[in-house]
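Below is one structure, written out as structure tokens, with a few remarks after it.
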Amino acid sequence: MIRHLVLFKLNDGVSRDEERVTEGVRAFEALGGQIPELASWECAWNITDRPIAYDYAINCTVADRDALVRYLEHPAHQAGVALWQQFATWVIADYEI
49 MIRHLVLFKL
59 NDGVSRDEER
69 VTEGVRAFEA
79 LGGQIPELAS
89 WECAWNITDR
99 PIAYDYAINC
109 TVADRDALVR
119 YLEHPAHQAG
129 VALWQQFATW
139 VIADYEI
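All residue numbers for the sequence shown refer to my numbering, where the first residue is 49 and numbers rise by one.
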């Protein structure tokens, strides 16, 4: 099993309530029901405002490396990434559990 963890940081001047951000959140929230490779799916806004904190997180699991690649290449995932690229940066960790 592989955990895929992504932490997003909104770009300077971007706020959570902007339409493009809410559209990106909706796109990611829907992924759990759209991509069969996902064994688990969580995404949510960070609830703290510490200066070093990231703003939004995705935490999911897939069966193996092949499933991870299928998830990453899935058109719904790619569409969500294209939205988030407009207003955020992120860091990723993929690790076996």
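Just so you know, even glycine gets a beta-carbon here, dropped at the ideal spot from N, CA and C.
Predicted model, so just to flag it, every value in this text is computed and none were measured.
Neighbour-count burial assignment, residue i, 16 or more Cβ in a 10 Å radius
{"i": "Glu-67", "result": "exposed"}
{"i": "Tyr-119", "result": "buried"}
{"i": "Ala-115", "result": "buried"}
{"i": "Val-139", "result": "exposed"}
Which residues DSSP lists as bridging residue i, in chain order
{"i": "Thr-137", "result": "Lys-57"}
{"i": "Tyr-143", "result": "Arg-51"}
{"i": "Thr-109", "result": "Arg-51 and Ser-88"}
{"i": "Tyr-104", "result": "Phe-56 and Trp-93"}
Cβ neighbours of residue i in the same chain (closer than 6 Å, five flanking residues each side left out)
{"i": "Trp-93", "result": "Tyr-104"}
{"i": "Ile-145", "result": "Met-49 and Arg-51"}
{"i": "Gly-72", "result": "Leu-131 and Trp-132"}
Beta-carbon contacts of residue i that lie in its chain and below 7 Å, excluding the five residues immediately before and after
{"i": "Arg-113", "result": "Ile-50"}
{"i": "Glu-77", "result": "Cys-91"}
{"i": "Ala-75", "result": "Ala-127, Gly-128 and Leu-131"}
{"i": "Ser-88", "result": "Cys-108 and Thr-109"}
Presumed contact (8 Å Cβ cut-off) between residue i and residue j, rounded CB distance
{"i": "Ile-83", "j": "Ala-124", "result": "6 Å"}
{"i": "Val-110", "j": "His-52", "result": "7 Å"}
{"i": "Ile-106", "j": "Val-54", "result": "4 Å"}
Close Cβ partners of residue i (< 8 Å) along its chain, the five nearest in sequence each way excluded
{"i": "Asn-59", "result": "Phe-135, Ala-136 and Thr-137"}
{"i": "Leu-86", "result": "Leu-79, Gly-80, Cys-108, Thr-109, Val-110 and Tyr-119"}
Contact test: residue i Cβ vs the ligand NAP heavy atom, cutoff 7 Å
{"i": "Asn-107", "result": "The ligand NAP is not part of this structure, which contains no ligands at all."}
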